[in-house]
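So the numbering used here is basically just the index in the sequence shown, starting at one, shifted up by 4. Heads up, the beta-carbon is just placed ideally off N, CA and C, and yes, glycines get one too.
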Amino acid sequence: AVVSTQSTGEAKHRIENIHIIEQDLADLGDEISIKQKLLEELERSQKKIHNLKMVYEEKLNTLQNMMRQTCDERDEVLENLRKNSDSNKNKEEIKSKGDHYTKKIKDMEKEMKRLRTAKLEHEKMEKKSKAQEKQLKDIQTEITNMKRKRNIELKTSTS
């Protein structure tokens with residue numbers, strides 16, 4: 005009767021240990037799931053930041069090229085008008101064309117200023133992204149460690 009009481013106590017202890025291990029495994033599974041979702045969110049955020057950077061750089065390059073072309077066009081038009089300037093009418097046309105190009109260039113300069121401001125905001129986002137990259141690596145390491153721990157607990161609970 006002493007042996008059966010002892011084996012019953014051991015069985016209860018084993019069952020309690022199994023329940024504890026099962027709860028730990030469930031908790032680990034939940035933590036892994038949460039961290040994987042966080043990881044996916046961070047990856048989406050980084051991708052979005054990268055895409056914004058690409059769009060910004062493309063717009064900036066396009067605007068710089070447009071400004072350069074407009075300045076060249078202005079210089080060429082004004083030079084041609086000056087070569088043929090005999091009358092006051094041509095002088096008025098030169099002034100009118102010059103004013104037109106000056107306004108166009110000023111508008112482009114305003115856009116460049118706006119894009120530069122956006123660049124500063126983007127640089128802030130990049131700093132944040134770098135911090136997120138570190139966080140991402142840390143989370144990946146945590147997930148790997150949790151899975152390793154879960155596998156060890158599974159092996160010990162089955163043996």
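{"Query": "Nonlocal neighbours in the same chain, by C-beta distance under 8 Å from Ile109, ignoring five residues either side", "Result": "Met71, Thr74, Cys75, Arg78"}
{"Query": "Cβ pair count under 8 Å reaching 3, the segment 124-137 against the segment 52-61", "Result": "yes"}
{"Query": "Inter-residue Cα distance where the pair is Glu137 and Glu130", "Result": "10 Å"}
{"Query": "Proximity to Lys134 [Cα-Cα], best of Ile98, Asn88, Thr148, Ile53", "Result": "Ile53"}
{"Query": "Close-in-space but distant-in-sequence residues of the same chain around Thr35 (CB under 7 Å, 5 per side omitted)", "Result": "Position check: residue 35 holds Glu in this sequence, whereas Thr was assumed. Result list for Glu35: Met150, in chain order."}
{"Query": "Straight-line gap, Thr160 to Ile22 (C-alpha atoms, nearest Å)", "Result": "10 Å"}
{"Query": "Nearest-angstrom beta carbon gap, Glu146 and Lys39 [assumed within contact, 8 Å]", "Result": "6 Å"}
{"Query": "Whole-angstrom C-beta distance between Lys107 and Leu85, which should lie under 8 Å", "Result": "Going by Cβ atoms, the distance from Leu85 to Lys107 rounds to 17 Å, so no, they are not a contact pair."}
{"Query": "Sub-7 Å separation of Leu29 and Arg152 beta-carbons", "Result": "no"}
{"Query": "Met112 versus Tyr105: straight-line alpha-carbon distance, rounded", "Result": "10 Å"}
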